[in-house]
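Some notes on the structure that comes next.
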């Protein structure tokens, strides 16, 4: 048995029961079929949810939301607060607002220091290059930067866990370097607060699961929260060139395709949008992409700029990213000494190991599991196959599985229910049509005749 | 004495040149094995070999029957097709050798690694082929095997 940490069940995607009308939009859109409608409200299965945010996007009543930290509370908690803006933060604004100004904006909001996750990304890119040049690594290597994708693999594509990039994320790397630098300045670790400005709920979960050492990230603030405040002080922002270390290389990670651009020439695949990601992973599992070196996969359409906590339309922010990429062509190499120090400090090492989670299996004993599988197939034959979601499960197969897992009943299907009612009403009709022999001339005659034929007189109707 | 009866059996029809449905059967086999709870590396090599075999029928044959039988200690797959057959098996096993027509190669299939990948991923592979009639591919995958984690070429 795998020991499950409490933090495994933390989720940032939550349901506002007041707003939920119990419609079935979300259950059908969820890529891991983690939602059921029960008692008129959506219920998210914590064990299955990957925090991708698809349900937030799709809910017409805005009943799903991502739990993030409030900025005002955040700034009061520590003596020295560091903001880590995601690469996707910059393109929320018009590209004529420079990165230097936006970073100044974060300081004006009350943070004492900034460290760009885009810088973390480009430092990581150098390590990825080294890893990809190793022999005997299983290919294609799948990027582990998107936490929703990592969870998707652990759950739905367990055989691909061994191909995930075994390095930390740009966020994890940035957080570690930021805290190390602040400690070098003389601050005690417990006085330093490191906060991610996040485009998505999956990253909030990553923040909650961050290790309790130099890599600790103390909170996640949504881009949308910071956006409005910065928009209100645009005129006051000053160009602070010295705050910016990132270039096209890291800034480009904000959108799909940015990772491969930051690497050497090679065979790469970039796929975005969780449903398309799944179709590519199906192919990888079948061995179709073994000629590919690296697969960049992001849960949101367009990449991180498509995150549900971003403000700008992702197609527009993509244009902004292109502009920023052109605007900052100069990449600042890490010097050798610095690079070696980061390796020595273990900055690139991934703390949380990838774990195949066998949530799909039907039973701990595979004989019993296969029996259950056959029961599912049998139940499916009786279901209408409309995948309408009216039963509260996303598809007919999901309902059949829920029945086998004892989480639902066949009769939850309104069509099946209707059929059973029809059967029952026919029986009732048949019964009601039967008239007692005391009142039925026809039957009375028949009974007498048949009794005469057999020569017995039992008085039974023999019907 | 352990019971050696099959635990599960499923047969599906493959239609030649139907690239829309190509991979559906391997996908179904994967799902069954995942839900049964077999170890992921074991499932992976079966799925790769199953997909290669399924694609071979789609690319080369008119139609075929894909049968999967799950035993307590192994998975047994038989693919029976009506098709052109393989004239020179030794040649067909050579990596990079392919008889797939250009329009198929354009789709990214038929690179010539099919049979050798199937051999790498399975514990036993038997091919019975009659030119002009068809081919029967039989593969066994043992749960306790050293082959988990086999790397394939494309």
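Residue numbers (the working numbering), protein chains in the order written: chain A, 95 to 557; chain B, -6 to 147.
Every residue, glycine too, gets a C-beta built ideally from N, C-alpha and C.
Indicate whether at least one CB of chain E lies closer than 8 Å to the CB of residue i.
i	result
residue 134 of chain B	No chain E is present in this structure, whose protein chains are A and B.
Put residue i into one of helix, strand or coil per three-state DSSP.
i	result
residue 135 of chain B	strand
residue 319 of chain A	helix
residue 44 of chain B	helix
residue 363 of chain A	strand
residue 273 of chain A	helix
residue 128 of chain B	strand
residue 305 of chain A	coil
residue 426 of chain A	coil
residue 294 of chain A	coil
residue 201 of chain A	helix
residue 28 of chain B	helix
residue 111 of chain A	coil
residue 23 of chain B	helix
residue 433 of chain A	helix
residue 454 of chain A	coil
residue 56 of chain B	strand
residue 446 of chain A	coil
residue 518 of chain A	helix
residue 1 of chain B	strand
residue 313 of chain A	strand
residue 282 of chain A	coil
residue 116 of chain A	coil
Hey, residue i and residue j: beta-carbon distance below 8 Å or not?
i	j	result
residue 18 of chain B	residue 26 of chain B	no
residue 107 of chain A	residue 249 of chain A	no
residue 464 of chain A	residue 63 of chain B	yes
residue 374 of chain A	residue 391 of chain A	yes
residue 54 of chain B	residue 81 of chain B	no
residue 509 of chain A	residue 312 of chain A	no
residue 340 of chain A	residue 435 of chain A	no
residue 234 of chain A	residue 263 of chain A	no
residue 441 of chain A	residue 247 of chain A	no
residue 293 of chain A	residue 324 of chain A	no
residue 399 of chain A	residue 413 of chain A	no
residue 109 of chain B	residue 134 of chain B	no
residue 160 of chain A	residue 469 of chain A	no
residue 23 of chain B	residue 40 of chain B	yes
residue 144 of chain A	residue 213 of chain A	no
residue 385 of chain A	residue 361 of chain A	yes
Grab me the residues of residue i's own chain with a C-beta within less than 8 Å of its C-beta, minus the 5 sequence neighbours each way, in chain order.
i	result
residue 514 of chain A	505
residue 8 of chain B	14, 51 and 56
residue 220 of chain A	428 and 433
residue 125 of chain B	77 and 78
residue 174 of chain A	206, 207, 276, 281, 285, 286 and 287
residue 501 of chain A	130
Going by CA-CA distance only, name the one from the options that's closest to residue i.
i	options	result
residue 72 of chain B	B/122, B/140 and B/90	B/122
residue 142 of chain B	B/28, B/42 and B/2	B/42
residue 491 of chain A	A/122, A/116 and A/386	A/122
residue 499 of chain A	A/518, A/473, A/197 and A/517	A/473
residue 290 of chain A	A/279, A/192 and A/266	A/266
residue 479 of chain A	A/159, A/489, A/258 and A/530	A/489
residue 424 of chain A	A/338, A/350 and A/269	A/338
residue 381 of chain A	B/44, B/132 and B/98	B/44
residue 65 of chain B	B/1, B/131, B/139 and B/138	B/1
residue 28 of chain B	A/520, A/511, A/211 and A/456	A/456
residue 141 of chain A	A/105, A/198 and A/415	A/105
residue 181 of chain A	A/197, A/210, A/204 and A/161	A/210
residue 281 of chain A	A/342, A/330, A/207 and A/350	A/207
residue 308 of chain A	A/383, A/113, A/362 and A/287	A/287
residue 225 of chain A	A/314, A/330 and A/261	A/261
residue 327 of chain A	A/278, A/203 and A/445	A/203
Taking 6 Å as the limit between beta carbons, can you name the residues of its chain near residue i, skipping five residues before and five after?
i	result
residue 575 of chain A	As shown, chain A starts at 95 and ends at 557. That puts residue 575 of chain A outside it, with no answer to give.
residue 320 of chain A	291
residue 408 of chain A	396, 399 and 400
Apart from the five residues just before and just after residue i, which ones in its own chain have a Cβ nearer than 7 Å to its Cβ?
i	result
residue 11 of chain B	51
residue 192 of chain A	333
residue 379 of chain A	251, 253 and 254
residue 102 of chain B	48, 52 and 93
residue 90 of chain B	84 and 105
residue 131 of chain A	116, 118, 121 and 486
residue 115 of chain B	42, 132, 133 and 134
Exercise for review: With a floor of 3 residues, list each beta strand (DSSP E) that falls wholly inside the segment 144 to 210 of chain A, ordered by position along the chain.
Suggested key: 158 to 160 and 174 to 179
Review point. Can you list, in chain order, the stretches of the beta strand (DSSP E) that have 3 or more residues and sit fully within the segment 318 to 394 of chain A?
Key: 362 to 366 and 388 to 392
Exercise for review: Please specify which runs of the beta strand (DSSP E), each continuous and at least 3 residues long, are wholly inside the segment 58 to 127 of chain B, giving them in chain order.
Suggested key: 67 to 75 and 117 to 123
Check your understanding: Taking the runs of the alpha helix (DSSP H) that are 4 residues or longer, which of them lie wholly in the segment 233 to 259 of chain A?
Key -> 241 to 250
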